[in-house]
Every structure is written in C-alpha cells, then in structure tokens.
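Note sheet for the following structure.
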Amino acid sequence: MAANVVETAGLTKHYGEVRAVQDLSLEVPKGTVFGLLGPNGAGKTTIIGTLLGLIRPTAGTIRLFGTEINGATDAAVRRIGAIMETPAFYPFMSGRDNLRYFQGISGTGGPAEIDNLLELVGLSARANARFNTYSLGMKHRLGIAYALLGDPELLLLDEPTNGLDPNGMAEVRQLLKDLGDGDRTIVLASHLLNEVEQVCERVAILSKGSVIAEGAVSELIGRRDRIQLSTTDNVAAHRLLAALDWVSSVLATDGGLLVDAPTERVADISEALARAGVYPTELRATSTSLEQFFLEVTEGDRP
Amino acid sequence: MSWVTLAKWEWFKLRGRRVIWVLLALLVAFSAVMVVIPYGDYEFNRGRDVSDEVIFLPSAPVIGNQEVDLNCTEFLAGVPITEVPAPYTLDDIDLPGTDRKCRQELAAIEGRLAKLKDGFTMPGAAAKATRWTGLLSIPFLAFLTVMVVGSEYGWGTLRTALMKGPGRWRFLSVKLALVAAAIAVTWLVMLAVIITTSLVTTALASDVGHGELDASAYGLIIRDIGRVWFAGVPYIALAALLSILFSRFAGGTLAASALSIGYFFFELFSIGRLIKLFDGVTGMRWFSSVVEYDLGWNTAAWLFGRDGEPLAGFNLASAIGTAQYPGDVHAFLVQLFFAAVLGGLAFWLFHRRDVTGPSG
Numbered sequence: 001m002a003a004n005v006v007e008t009a010g011l012t013k014h015y016g017e018v019r020a021v022q023d024l025s026l027e028v029p030k031g032t033v034f035g036l037l038g039p040n041g042a043g044k045t046t047i048i049g050t051l052l053g054l055i056r057p058t059a060g061t062i063r064l065f066g067t068e069i070n071g072a073t074d075a076a077v078r079r080i081g082a083i084m085e086t087p088a089f090y091p092f093m094s095g096r097d098n099l100r101y102f103q104g105i106s107g108t109g110g111p112a113e114i115d116n117l118l119e120l121v122g123l124s125a126r127a128n129a130r131f132n133t134y135s136l137g138m139k140h141r142l143g144i145a146y147a148l149l150g151d152p153e154l155l156l157l158d159e160p161t162n163g164l165d166p167n168g169m170a171e172v173r174q175l176l177k178d179l180g181d182g183d184r185t186i187v188l189a190s191h192l193l194n195e196v197e198q199v200c201e202r203v204a205i206l207s208k209g210s211v212i213a214e215g216a217v218s219e220l221i222g223r224r225d226r227i228q229l230s231t232t233d234n235v236a237a238h239r240l241l242a243a244l245d246w247v248s249s250v251l252a253t254d255g256g257l258l259v260d261a262p263t264e265r266v267a268d269i270s271e272a273l274a275r276a277g278v279y280p281t282e283l284r285a286t287s288t289s290l291e292q293f294f295l296e297v298t299e300g301d302r303p
Numbered sequence: 304m305s306w307v308t309l310a311k312w313e314w315f316k317l318r319g320r321r322v323i324w325v326l327l328a329l330l331v332a333f334s335a336v337m338v339v340i341p342y343g344d345y346e347f348n349r350g351r352d353v354s355d356e357v358i359f360l361p362s363a364p365v366i367g368n369q370e371v372d373l374n375c376t377e378f379l380a381g382v383p384i385t386e387v388p389a390p391y392t393l394d395d396i397d398l399p400g401t402d403r404k405c406r407q408e409l410a411a412i413e414g415r416l417a418k419l420k421d422g423f424t425m426p427g428a429a430a431k432a433t434r435w436t437g438l439l440s441i442p443f444l445a446f447l448t449v450m451v452v453g454s455e456y457g458w459g460t461l462r463t464a465l466m467k468g469p470g471r472w473r474f475l476s477v478k479l480a481l482v483a484a485a486i487a488v489t490w491l492v493m494l495a496v497i498i499t500t501s502l503v504t505t506a507l508a509s510d511v512g513h514g515e516l517d518a519s520a521y522g523l524i525i526r527d528i529g530r531v532w533f534a535g536v537p538y539i540a541l542a543a544l545l546s547i548l549f550s551r552f553a554g555g556t557l558a559a560s561a562l563s564i565g566y567f568f569f570e571l572f573s574i575g576r577l578i579k580l581f582d583g584v585t586g587m588r589w590f591s592s593v594v595e596y597d598l599g600w601n602t603a604a605w606l607f608g609r610d611g612e613p614l615a616g617f618n619l620a621s622a623i624g625t626a627q628y629p630g631d632v633h634a635f636l637v638q639l640f641f642a643a644v645l646g647g648l649a650f651w652l653f654h655r656r657d658v659t660g661p662s663g
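Quick mapping for you: the protein sequence lines, in order, are chains A and P.
Under my numbering, the first residue of the first sequence carries the number 1, and numbering increases by one thereafter.
Under my numbering, the first residue of the second sequence carries the number 304, and numbering increases by one thereafter.
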C-alpha cells in the first residue's frame, strides 16, 4: 500500500464563531490525484492553507510526507507546489522575473527550468512583460508554472481553473492529468464537479468544513447506480419492485421507473416482473454523475 | 536556504521598485541642496556693498531720520566722509558712534558669512546636511518599511512567497535588515554627494578653504550618521508592526505609512511646545516626566540635541520648542527599548497571524 503523502487527524479551524474546518481526517496516498469537492465556503482553501502552514489550525494534527508538522512546515513546503485562488505575483516584475525570484527563495532549480515551465504553460512569448499586463488566463498559467517550480512531489491546487475560459479550463485539466500520471500526488480543491470527476481518482466531499463522503470517484458514483426501466404496466411494476427487500427505492419518472438497486440485479428484476406478467420494454443500468451525487449529499446545505 | 541568498533575492525584487529609487534620488538631491543653499547665500552676501547695511549716526537729530546709508568698509579703512545728505553737514557726524556701529555691523556680517561658509565647506557641510537629512530619513525609512512589508500583504504575494518555504522569521528578518542596510548605504552615498558638492562649491568660492579635515572631523561625521541611522531603527520596527497590524484591511499600507510618519512628526513638533505650555501648570507636572520615556521626544533629543542641550546653530532644534532634551544615554536606551518592544511585537504578530489573500 502506498504511503500517505498527506494525513490529517481531527484538523479543526475556527474563525471566532465560524467553524471553517471541523474535525477533518484525510489521507491522501502517494501518487493519487485527490479531489476536495465542496461548495464555496466549505473549507477547501482553509484546509490547503493549513497544510501549507499559512493558516494556524485551532486543533488537530497534520502529517506531510510521513512527518508530523508542528508549525514548522518550511522543509515540507519546499517539496510542495501550490496555487491558492487567483495567483498573486509582484505586479512590477515580469513573469520570468517573478519565477526567478520564487525559484531563488525556494533554493531549487535553475534558468533552464524557468524556460521549460514558461514553454509548458505557453507563456514564453510574454515572459518578459510585466505581470500587471497579463490577462487572467495568463496569470493562472504563470501560477501553474510557479507551482511546478522545483518539480514538487505534491501539488496543492485551489480552484486552478477559476476565471479561465472553456479552452483554458480544458488545457489546465489536461495538464493536471498529465502531471498526475507519475508518482506525483495532486490535491485539487474545486467547486467544479465535472473538473473533479474528470481529473481526480479519489474525492472527499466537504460541507461546512467536514467530510460528508469520501472514496474513489467511481465508488461514489457507483454507490448510486440505478436501473432505469419502462414496462407494459408501470403501476404494477412499481408496487412489485418496491416490495423487494434488495430494492432501496422506486421512483416514477416521466414514462418509466428509476429503481435504486445494485446494477448486477438487472436480471433478477426482469425475472420478477415476468413472473408477475409485467414485461419490460426498456431496462438498463444507469450511473449517476458526481454532480447528482454531490447535490444529493449536500442537499441539506442549500438554502 | 541561507540568509545571504534570501537577502540577495529580496534585493533582486526591491531594486525593481521605481518609487524607491525616486525617493533615494530625492534624499540624495536634498543632501546636495543642503550644501548649495549656504554657498549661494554666501556668494550673495559676500558681494554686497556694506553701505547697504550700515549707517552713520548724526550727533544730533535734525529730522526724524537719524541713520543715513554709509559705506562702512571705506569708512573703517580711513576714507573720509565727504558728503552727507541734506539737511546734515559734515559737522553733524558722530564719528566714534559711527565707527562703533560700523564695526558691529561688519562683525555681524562676517559672523553670518562664517556661518554660511561653515555650511558648504567641510567638515561643517557634512554635519549640517546630516542633521537636516536626518529629519527626512525617518519618514523615508518608515515609508520604505511599509512598502517592503505592507505591499506583500496588499498584493497577496506574502502567501505566494511563504508557499516556497523561506520561513516566516527569516523572511521578515531579511526584509527589515535590508531596509536598515539600504538606508545605511544611502547615507554613505549622501555623504559622498555632500563631500563632492562641498569640494565643488568651495572651489567656486575662491576665497575660502575647508576647515580642519583630520580623522577626528571625519569621526564626528560618521558618528552623526550613525546617530541618524540608529534613530531610524525604532521607526522601522513601528512601521513593520503597523503594516502587519493593518494587513487585513484594504488601504492598510497607506494607513501604516500615514500613521508611522504622522506619529514621528506629531511628536517631534508638539511635545516640546506642550512641555513649555504645561510648565508650572499645577496638575500637569507629570507630563514632562512621562515624555521623558516617549519615543518621539527621545528621537528628537538624539537627533537634535547633544547631552540634553539643543544643537547650537541648528534652527530646527529651537523650532521644536524646548531648551532641554533628555540626555544622550537616556535617549539611546529609550530608543533601544522601543526598537526591541515594537520589533518583538512585529515578529510575534507576523509569525502568529494567518496569511490570507490580497487585502487590496
């Protein structure tokens, strides 16, 4: 089993009366692309801030790369690349000089690395322009280059596609997939469900600072696999299926039924209906999207 | 990551800020102007005919005007007065009185010229320019500190920098050390400008020479510069503390600059007057005891006084409004105390406080 790169136990952060993060226990195995999914205000940025030592936790412990962090995060932080919200750089310096400065204070890499990163994020042509002349998309791309300085083992990315146009989002997501292919661990905090679904292998869904669901993305979606069917007599089929003990629920939908049951029991459903003289005209297993799942589990959070 | 490497990269960043160079240029220009002004004044006064300044005294008033223009230089050189304005006659001249008055006037002019000469020749030029620029250097230091520390919060770059692991203590220490070093270097540049300007102006004023320029004269100049530099240290700490304190507010940088600079000038120009105002007022005697331990008052004593006495021949020292300052040792210790306390608070707050995004 892969070692955990990030582990938190009972991590809590309160801002006065506001509980930004509450008793959070997370484990992010090495080499995983891990999603922190939650609506705005769920505590994603606070969690990343505490991992980076920028925000002091009220309680709980953090282990990075197997070592417990007690406020002294500097050595661990040098092995991390991070973006938090909209990247902030020195406005009077060029993109290249900003990267040179941050590379310099991290004590890693050299000029070739900066050229390569600028090439990777498509900023070579504007590398010598002042940062305050950059568009939002260019700022984000510079942020990604910044995060990749020193070839970090762990990437903590907080809303890395915020404000990007659809093409930019697609490029960044592809880049994240490529970056996550090797041993590198990525923690992606986002409120964009399709982003997390496309990029991440595992996900923790946050609500009001607590994890309300966690697991592999495929598992979380699989938990809500359903069977869509239409029959010659939907009313009879509804009554019949609702009485089966392995069926959780049956919902009448427009022109059919949505049965909450394991998808491997499609044949059992067909048999039970046939025995009662009701015949399926359509029968198929369907997966809910992560978005549907997210909306269900965070239903109580919405006003 | 060594401190030196971090300092090197801080300098890499700092040198790109145009406003710092503009301020430094202003300070350097100001130090040159502080030498050029007495030179110009000297040239203007030296060329003046003394007859503009003095008079002859008639032995008895004939009309209301008892003083009439006279060329004292010529009169004292023995050139007889051959003409006096009507209705006076040559017999009306009070020769001993006129002689005495002419000598007084000439002595006053010579004294003034000597003072002006001292203002643009070495070592006096350096001493005087240092005092004046000392007054400006503290607001400059405070502003520089706020720019170096507060801007990181305003732009949100503090978070970006700390995410690369330089460490909070080290990051702030290097910044403040860089400010202190930058001002020390600035002082040396200013000294070079003062010396050069003094050499040029002294050469232009062909009839004057420099004062005695031995090791002790230069020692005094260096000591004065050291005093001004040390006076800035508590204000670096104060400006850093205010920058961190106001970091969560939009406009926090502006507020920190305004407060640290305003605090300096307010205390500098109000405490001496308040001491005078409350002197002898029953129930207000505590005021002078309390301000003995005030930062601004002790900074004024350190910059504009020597061993408790206002600097002789330095107009600002009297403009501050006091006849007595705290002594040098007392002022040094009070400034050291404030530097330690304010600096300690700044570091503690910088270390403790959560770092969030841009504050505007």
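The C-beta atom is built at its ideal place from N, Cα and C for all residues, glycine as well.
Model, not experiment: these values are computed from the prediction.
In whole angstroms, give me the CA-to-CA distance for SER592 of chain P and TYR538 of chain P. Here residue 592 of chain P corresponds to residue number 289 of the second sequence, with the count starting at 1. Here residue 538 of chain P corresponds to residue number 235 of the second sequence, with the count starting at 1. If you take the alpha carbons of SER592 of chain P and TYR538 of chain P, they lie about 22 angstroms apart.
Note the first and the last residue of the continuous beta strand (DSSP E) segment covering HIS14 of chain A. Within the first sequence, residue 14 of chain A is the residue found at index 14, counting from 1. Looking at the DSSP string, the run of the beta strand (DSSP E) that includes HIS14 of chain A is 4-15.
Whose CA, out of A:LEU118, A:CYS200 and A:GLY150, lies closest to the CA of GLN174 of chain A? Residue mapping note: residue 174 of chain A aligns to position 174 of the first sequence, counting from 1. Cα-wise, what sits closest to GLN174 of chain A is A:CYS200.
What does a CB cutoff of less than 7 angstroms around ARG272 of chain P pick up in its chain, not counting 5 residues either side in sequence? This structure cannot speak to residue 272 of chain P, because chain P is shown only from 304 to 663.
Measuring straight from C-alpha to C-alpha, what distance separates ILE55 of chain A and ARG462 of chain P? Taking the first residue of the first sequence as 1, we reach residue 55 of chain A at position 55. Taking the first residue of the second sequence as 1, we reach residue 462 of chain P at position 159. In a straight line, the C-alpha of ILE55 of chain A is about 10 angstroms away from that of ARG462 of chain P.
Can you check which of these residues, A:ARG78, A:MET93, A:LYS139 and A:GLU27, is closest to ARG63 of chain A by C-alpha distance? As a first step, residue 63 of chain A is located in the first sequence; it is residue number 63 there, counting from the start. Comparing Cα positions, the closest option is A:GLU27.
CB-CB under 7 angstroms to ALA242 of chain A, same chain, minus the five flanking residues each way: which ones, in chain order? If you number the first sequence from 1, residue 242 of chain A lands on position 242. The answer, listed in chain order, is VAL250.
Ordered along the chain, which non-local residues of its own chain (more than five positions away) have a Cβ less than 6 angstroms from that of ASP631 of chain P? Here residue 631 of chain P refers to the residue found at position 328 of the second sequence. Hits under 6 angstroms: ASP610.
Beta-carbon neighbours of PRO91 of chain A, restricted to chain P and to distances below 7 angstroms: The residue you call residue 91 of chain A lines up with position 91 of the first sequence. Neighbours of PRO91 of chain A on chain P, chain order: TRP458.
So, for GLY38 of chain A: in the same chain, excluding its five sequence neighbours on each side, which residues have a beta-carbon less than 7 angstroms away from its beta-carbon? Translated into the one-based positions of the first sequence, residue 38 of chain A becomes position 38. Closer than 7 angstroms at Cβ, skipping near neighbours: LYS44, HIS191, ILE205, LEU206 and SER207.
Beta-carbon of VAL77 of chain A versus every beta-carbon of chain P: anything under 8 angstroms? Within the first sequence, numbered from 1, the residue matching residue 77 of chain A stands at position 77. For VAL77 of chain A, the answer is yes, since a Cβ of chain P falls inside 8 angstroms of its Cβ.
Is the CB-CB distance between LEU188 of chain A and VAL33 of chain A below 8 angstroms? What you label residue 188 of chain A is simply residue 188 of the first sequence in a count that begins at 1. What you label residue 33 of chain A is simply residue 33 of the first sequence in a count that begins at 1. Closer than 8 angstroms, so yes.
Given a cut-off of 8 angstroms on the beta-carbon distance, is the pair THR489 of chain P and LEU329 of chain P in contact? As a first step, residue 489 of chain P must be located in the second sequence, where it is residue number 186. As a first step, residue 329 of chain P must be located in the second sequence, where it is residue number 26. The answer is no: Cβ separation not under 8 angstroms.
Looking only at its chain, what residues have a beta carbon closer than 7 angstroms to the beta carbon of ALA428 of chain P, apart from the 5 residues adjacent to it on each side? Taking the first residue of the second sequence as position 1, residue 428 of chain P is located at position 125. Residues of the same chain with a CB within less than 7 angstroms of the CB of ALA428 of chain P, apart from the 5 flanking positions on each side, are VAL338, GLY422, ILE497 and SER501 in chain order.
From which residue to which residue does the beta strand (DSSP E) around ARG284 of chain A run? For the purposes of this step, residue 284 of chain A is taken as residue 284 along the first sequence, with counting starting at 1. 280-286 is the extent of the beta strand (DSSP E) around ARG284 of chain A.
Close-in-space but distant-in-sequence residues of the same chain around PRO57 of chain A (CB under 7 angstroms, 5 per side omitted): Sequence index remark: in the first sequence, residue 57 of chain A carries index 57 (1-based). Same-chain partners within the cutoff: LEU11, THR12, LYS13 and THR50.
Output yes if chain A places a C-beta closer than 8 angstroms to the C-beta of LEU447 of chain P; else output no. If you number the second sequence from 1, residue 447 of chain P lands on position 144. Answer no: the Cβ-Cβ gap between LEU447 of chain P and chain A never drops below 8 angstroms.
Taking the C-alpha atoms as reference points, what is the distance between GLU346 of chain P and GLY575 of chain P? Walking along the second sequence from the start, residue 346 of chain P turns up at place 43. Walking along the second sequence from the start, residue 575 of chain P turns up at place 272. In a straight line, the C-alpha of GLU346 of chain P is about 35 angstroms away from that of GLY575 of chain P.
Determine, using beta carbons only, whether PHE102 of chain A comes closer than 8 angstroms to chain P. Along the first sequence, read from residue 1 onward, the residue named residue 102 of chain A stands at position 102. By this cut-off, PHE102 of chain A is an interface position.
Classification of GLN627 of chain P by the beta-carbon crowding that lies within 10 angstroms, buried from 16 upward: Counted from its first residue, the second sequence places residue 627 of chain P at position 324. Label assigned to GLN627 of chain P: exposed.
Supposed close pair GLY514 of chain P, THR424 of chain P - CB separation, criterion 8 angstroms: The residue given as residue 514 of chain P occupies position 211 in the second sequence. The residue given as residue 424 of chain P occupies position 121 in the second sequence. Indeed, because the Cβ distance is near 6 angstroms, the residues count as touching under 8 angstroms.
Give the DSSP-derived three-state secondary structure of ALA112 of chain A in the structure shown. In the first sequence, residue 112 of chain A corresponds to position 112, counting from 1. Three-state result, ALA112 of chain A: helix.
Could you tell me how far apart the beta carbons of LEU118 of chain A and ALA129 of chain A are, in whole angstroms, since I believe they sit closer than 8 angstroms? Position 118 of the first sequence, counted from the start, is the residue given in the question as residue 118 of chain A. Position 129 of the first sequence, counted from the start, is the residue given in the question as residue 129 of chain A. LEU118 of chain A to ALA129 of chain A, Cβ: 12 angstroms. No contact.
Which value, in whole angstroms, describes the spacing of the CA atoms of GLY583 of chain P and PHE568 of chain P? On the second sequence, position 280 is the one that residue 583 of chain P refers to. On the second sequence, position 265 is the one that residue 568 of chain P refers to. Going by the C-alpha atoms only, they are around 25 angstroms apart.
Using 10 angstroms around the beta-carbon of LEU507 of chain P, count the other beta-carbons present and answer buried if the total reaches 16, otherwise exposed. Your numbering for residue 507 of chain P matches position 204 in the second sequence. Per the 10 Å Cβ criterion, exposed.
Taking 8 angstroms as the threshold, find out whether the stretch 391-406 of chain P comes into contact with the stretch 477-493 of chain P through three or more Cβ pairs. no
Less than 8 angstroms between the beta carbons of LEU229 of chain A and PRO280 of chain A, yes or no? Here the question's residue 229 of chain A lines up with position 229 in the first sequence. Here the question's residue 280 of chain A lines up with position 280 in the first sequence. For LEU229 of chain A and PRO280 of chain A, yes; Cβs fall inside 8 angstroms.
With a cut-off of 8 angstroms, does the C-beta of GLY663 of chain P fall near any C-beta of chain A? Here residue 663 of chain P corresponds to residue number 360 of the second sequence, with the count starting at 1. Its pLDDT being 49, under 50, GLY663 of chain P is placed unreliably in this model, and the value from its coordinates should be taken loosely. Cβ-Cβ to chain A under 8 angstroms: no for GLY663 of chain P.
Residues near GLU313 of chain P by beta carbon distance below 7 angstroms, same chain, minus five either side: As a first step, residue 313 of chain P is located in the second sequence; it is residue number 10 there, counting from the start. Taken in chain order, the residues that qualify are VAL477, LYS478 and LEU481.
By alpha-carbon positions, which one of A:LEU36, A:LEU244, A:LEU149 and A:GLY109 ends up nearest to LEU24 of chain A? Within the first sequence, residue 24 of chain A is the residue found at index 24, counting from 1. Comparing Cα positions, the closest option is A:LEU36.
Give the DSSP-derived three-state secondary structure of VAL121 of chain A in the structure shown. For the purposes of this step, residue 121 of chain A is taken as residue 121 along the first sequence, with counting starting at 1. In this structure, VAL121 of chain A counts as coil in the three-state DSSP scheme.
Closer than 8 angstroms to chain A by CB, MET450 of chain P: For the purposes of this step, residue 450 of chain P is taken as residue 147 along the second sequence, with counting starting at 1. Closer than 8 angstroms: no.
For the beta strand (DSSP E) containing SER25 of chain A, list its first residue and its last residue. Counted from its first residue, the first sequence places residue 25 of chain A at position 25. Where SER25 of chain A is concerned, the enclosing beta strand (DSSP E) stretches over 18-29.
From the beta carbon of THR436 of chain P, is the nearest beta carbon of chain A less than 8 angstroms away? Here residue 436 of chain P is taken as the residue at index 133 of the second sequence, counted from 1. Judged by the 8 angstroms Cβ criterion, THR436 of chain P is not in contact with chain A.
Could you check if VAL235 of chain A is buried or exposed, using at least 16 other CB atoms within 10 Å of its CB as the buried criterion? For the purposes of this step, residue 235 of chain A is identified with residue 235 of the first sequence, where counting begins at 1. Answer is exposed; the Cβ neighbour count stays below 16.
Taking only heavy atoms of the ligand COA into account, decide whether any of them is closer than 7 angstroms to the Cβ of MET337 of chain P. In terms of ligand content, the structure shown is empty, and the ligand COA therefore cannot be addressed.
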